[in-house]
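As you go down the protein sequences, you meet chains A and B in turn.
Counting from 1 along the first sequence, just add 1423 to a position and that's the residue number in the working numbering.
Counting from 1 along the second sequence, just add 1423 to a position and that's the residue number in the working numbering.
Glycine included, C-beta positions come from ideal geometry on N, C-alpha and C.
Only a predicted model underlies this, so the values are computations on that prediction, with no experimental measurement involved.
Accompanying notes for the structure given below.
2 protein chains.
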Amino acid sequence: MANIKDVAKRAGVAISTVSKFINGGSVRSKNAAAIKKAIEELDYKVNDVARMLKTNIAMTVGVLIPSLDGLFFTTIAALMEDEFQKHGYSIILCDYRNDAGLEKEKLDFLISKRVDGLVIVSHDSLQYLDSRNRQGIPMIAIDRPFDGVDSVTSDSFKGSMEAIETFIEMGHNDIAIICGPHEVYTSKIRLNGYIAAMKNNNIKIVDEYMQFEDYTIEGGYKAMCELLKIKKRPTAIFTTNYELTLGAMMAINEENIKVLNDISVIDIDDMIMMKLITPSLSVVAQSMDKIGITAAKLLIKRMSGDFEKFPQNRIVETSFIKRNSIKRIKT
Amino acid sequence: MANIKDVAKRAGVAISTVSKFINGGSVRSKNAAAIKKAIEELDYKVNDVARMLKTNIAMTVGVLIPSLDGLFFTTIAALMEDEFQKHGYSIILCDYRNDAGLEKEKLDFLISKRVDGLVIVSHDSLQYLDSRNRQGIPMIAIDRPFDGVDSVTSDSFKGSMEAIETFIEMGHNDIAIICGPHEVYTSKIRLNGYIAAMKNNNIKIVDEYMQFEDYTIEGGYKAMCELLKIKKRPTAIFTTNYELTLGAMMAINEENIKVLNDISVIDIDDMIMMKLITPSLSVVAQSMDKIGITAAKLLIKRMSGDFEKFPQNRIVETSFIKRNSIKRIKT
DNA sequence: CTGTTAGCGCATTCAA
DNA sequence: TTGAATGCGCTAACAG
Chain A
1424 MANIKDVAKR AGVAISTVSK FINGGSVRSK NAAAIKKAIE ELDYKVNDVA RMLKTNIAMT
1484 VGVLIPSLDG LFFTTIAALM EDEFQKHGYS IILCDYRNDA GLEKEKLDFL ISKRVDGLVI
1544 VSHDSLQYLD SRNRQGIPMI AIDRPFDGVD SVTSDSFKGS MEAIETFIEM GHNDIAIICG
1604 PHEVYTSKIR LNGYIAAMKN NNIKIVDEYM QFEDYTIEGG YKAMCELLKI KKRPTAIFTT
1664 NYELTLGAMM AINEENIKVL NDISVIDIDD MIMMKLITPS LSVVAQSMDK IGITAAKLLI
1724 KRMSGDFEKF PQNRIVETSF IKRNSIKRIK T
Chain B
1424 MANIKDVAKR AGVAISTVSK FINGGSVRSK NAAAIKKAIE ELDYKVNDVA RMLKTNIAMT
1484 VGVLIPSLDG LFFTTIAALM EDEFQKHGYS IILCDYRNDA GLEKEKLDFL ISKRVDGLVI
1544 VSHDSLQYLD SRNRQGIPMI AIDRPFDGVD SVTSDSFKGS MEAIETFIEM GHNDIAIICG
1604 PHEVYTSKIR LNGYIAAMKN NNIKIVDEYM QFEDYTIEGG YKAMCELLKI KKRPTAIFTT
1664 NYELTLGAMM AINEENIKVL NDISVIDIDD MIMMKLITPS LSVVAQSMDK IGITAAKLLI
1724 KRMSGDFEKF PQNRIVETSF IKRNSIKRIK T
């Protein structure tokens, strides 16, 4: 492959002139034309590796998410990528398959690639990074806040309360929740929202009504199967993630029961399917756009050296969207 | 951050000795100990960028898939990653959101990262790469074969035929197929398998029984809704991808009809959900392991300079797994 | 086995 | 504005 030297020779100028041309400096128009021509003829591409070695800037950010199975994170990753791209940054996307060991490995991989910034949805790698003195790489936590690190999270505690209170207003008392794994932050906070709303309304909390599964379709299916086995079936279900909801819907539909008529449902995360199915699902919508773009912008700021008000913990409001999956019942 | 020079100084040896030590050369044990100590004390990490500039080897392969939404490809990507890792390679995963323009961009990004090899699930970037003279980067096509490029694909033509013939043996004549987009290779080939089986058995092919949608949950849902509207409803459905199947199941379940009793179903791709739901689904299983590992191994071979029998087009057999979603009907 | 040295391709000083 | 020269951190001769 042609290098800058070849271009310089062909254009009859010095290497430094070509370099300046490439990087937008001012060059005599005659030289500019010659360089442009040479670049085209040689199909010259800047060698980013060499440039990176020299400048120590990769124009790349690493994005680390728990798993590629979760639509919420992959969607946010895609949104962030758009935003980064506008500012000239590319992203390297990694997942760690919900495995803490792998998480650290991937983090080291990203660091070894000398990324300029890091976006992380972490179980515990933030502490790991911290212990490694954070390598001076700006980073931002998504979905789960951490001490001493910029973060962008949803107010899903409030969102969950809102969902449960909607059920209660509609006359429901037997309200179940399908949560993610016990140890995950969002799982805990959503459960807390549920508990708070129940307590505020003096409704007894039933252990069997709280199910914990992985944030997967299978998890939602299993959890709902459990709930349907209970003698006193819940009349309302709060499913706290897209995949859990899909699985739960499949389990419901297999029984001779119907959403709305027999059971009311509210889901967290407003994906296309939620509007498409019958009845359309009421949701606590997390603003994936806002989360992604807020995080990207803040990280870009940090990467440019601006550490004003560090660390920031941005909280994005959720919004309740009422559709056709909640039935008023008699009390 | 410390560099190799710092380590050499601290260990009291030459840079080249440190380099040799790092790269597994033989070094006087006393020096080895000193170097090791210095590396630890300085928390020295090799600068991969510099190494890459020098050696022109990134020990990284780029993996480009259509979308992060598709479980089939993300699963294969994960499997390949395991295999690559065993050989010291890391992967950079990119998706192009089913957008041809983005596909080329991402490809250029991967190339600009100077990856050593490329795994591609492509609409048309292979031609693009070809037109750019393939930059000399070894690459392998997954899922969709291409001229002049190594590839690993499933024999889903045969798999589809097998599925349809199973339906026919069970007495079905009104068999529908839910395909992916018209232009996608796998979509075409699976449709061809369907058509071949129908023709072989002298069954008339009904246009309305062939639905084409994106390979998404929404697509499957829509397609199935269409099929259920037909006056003469099909008695059997062949859904040709995991997401299409999920969406179709949701649509079925919303109606007052039941898989097995009212409608028989066979799906392509054997994911966990297929066994979990009731009734469990019969599937044409693509061996994701075999595809991923075969592709990874072949690419590793190419990256090591071995171009024996180039190009190879490996075809992986599918296997039919009969479960409880097919009912024998009277003819 | 060890040390000296020359680049890998580029950006950037500093003179001109 | 331009060009010659330096060095980013590392590997790989080569000579000792």
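Of all residues in the segment 1689-1712 of chain A, those with a C-beta nearer than 7 Å to a C-beta of chain B are I1695, M1696, L1699, I1700, T1701, reading in chain order.
E1636 of chain A has its alpha-carbon roughly 7 Å from the corresponding atom of G1643 of chain A. A1674 of chain B is not a Cβ neighbour of Y1632 of chain B, given a cutoff of 7 Å. Judged by their CB atoms, I1686 of chain B and S1705 of chain B are not nearer to each other than the 7 Å cut-off. Here DSSP, grouped into helix, strand and coil, assigns D1690 of chain B to strand. One Cα belongs to T1609 of chain A, the other to Q1550 of chain A, and the distance between them is close to 18 Å. For the segment 1469-1489 of chain A, residues whose beta-carbon sits nearer than 7 Å to a beta-carbon of chain B comprise D1471, V1472, A1473, M1475, L1476. Cβ-Cβ separation between I1427 of chain A and S1442 of chain A: approximately 6 Å, consistent with a contact (criterion under 8 Å).
Counting the other Cβ atoms within 10 Å of the Cβ of N1747 of chain A gives fewer than 16, which makes it exposed.
Here the alpha carbons of V1469 of chain B and D1693 of chain B stand approximately 42 Å from one another. By DSSP's assignment, S1513 of chain A forms a beta bridge with A:T1483. Looking at the DSSP output, F1635 of chain A shares a beta bridge with A:C1602. Rounded to the nearest angstrom, the Cβ distance from K1655 of chain A to D1597 of chain A is 7 Å, consistent with a contact under 8 Å. A check of alpha carbon separations from V1544 of chain B across B:E1666, B:K1622, B:V1486, B:I1612 identifies B:V1486 as the nearest.
For V1441 of chain B, the uninterrupted alpha helix (DSSP H) run begins and ends at 1438-1445, by DSSP.
Residue-level contact check: Y1632 of chain B does not touch chain A, since none of the beta carbons of chain A fall below 7 Å from its beta carbon. For a cut-off of 8 Å, the C-beta gap from L1683 of chain A to Y1638 of chain A is around 25 Å, too long to register as a contact. Close partners of E1641 of chain B in chain A (Cβ separation under 7 Å): I1695, M1696, L1699. Contact between the segment 1447-1465 of chain A and the segment 1473-1482 of chain A is absent, with fewer than three C-beta pairs closer than 8 Å. Scanning chain B for C-beta atoms nearer than 7 Å to the C-beta of M1672 of chain A yields M1673, reported in chain order. The segment 1573-1580 of chain A and the segment 1527-1539 of chain A do not touch, with fewer than three beta-carbon pairs separated by less than 8 Å.
M1711 of chain B counts as buried, since no fewer than 16 other beta carbons sit within 10 angstroms of its beta carbon.
Separation of A1564 of chain B and L1552 of chain B (C-alpha to C-alpha, rounded to the nearest whole angstrom) is 12 Å. Counting only the Cα atoms, G1493 of chain A lies some 24 Å from A1659 of chain A. Against chain A, the beta carbon of T1662 of chain B has no neighbour under 7 Å; the closest one sits roughly 14 Å away.
Taking P1604 of chain A as the centre and dropping the five residues before and after it, the same chain places the C-beta of S1610, F1635, E1636, D1637, Y1638 closer than 8 Å to its C-beta, in chain order.
Between E1641 of chain B and G1670 of chain B, the beta carbon gap of about 6 Å places them in contact (Cβ cut-off 8 Å). Annotated as distal: S1513 of chain B and L1530 of chain B, with beta-carbon spacing of 7 Å or more. Against chain B, the beta carbon of N1676 of chain A has neighbours under 9 Å at M1672, M1673, I1675, N1676, E1677, listed in chain order. In the structure shown, M1562 of chain B adopts extended strand secondary structure according to DSSP, grouped into three states.
The residue among B:T1717, B:I1445, B:S1439 with its C-alpha nearest the C-alpha of V1542 of chain B is B:T1717. Contact annotation: V1472 of chain B and V1484 of chain A have beta-carbon atoms that are not nearer than 7 Å. If the five residues before and after T1701 of chain A are omitted, its C-beta is found closer than 6 Å to no C-beta atom of its own chain. Inclusion of I1488 of chain A and F1495 of chain A in the CB contact set at 7 Å is not warranted, their separation being larger than that value.
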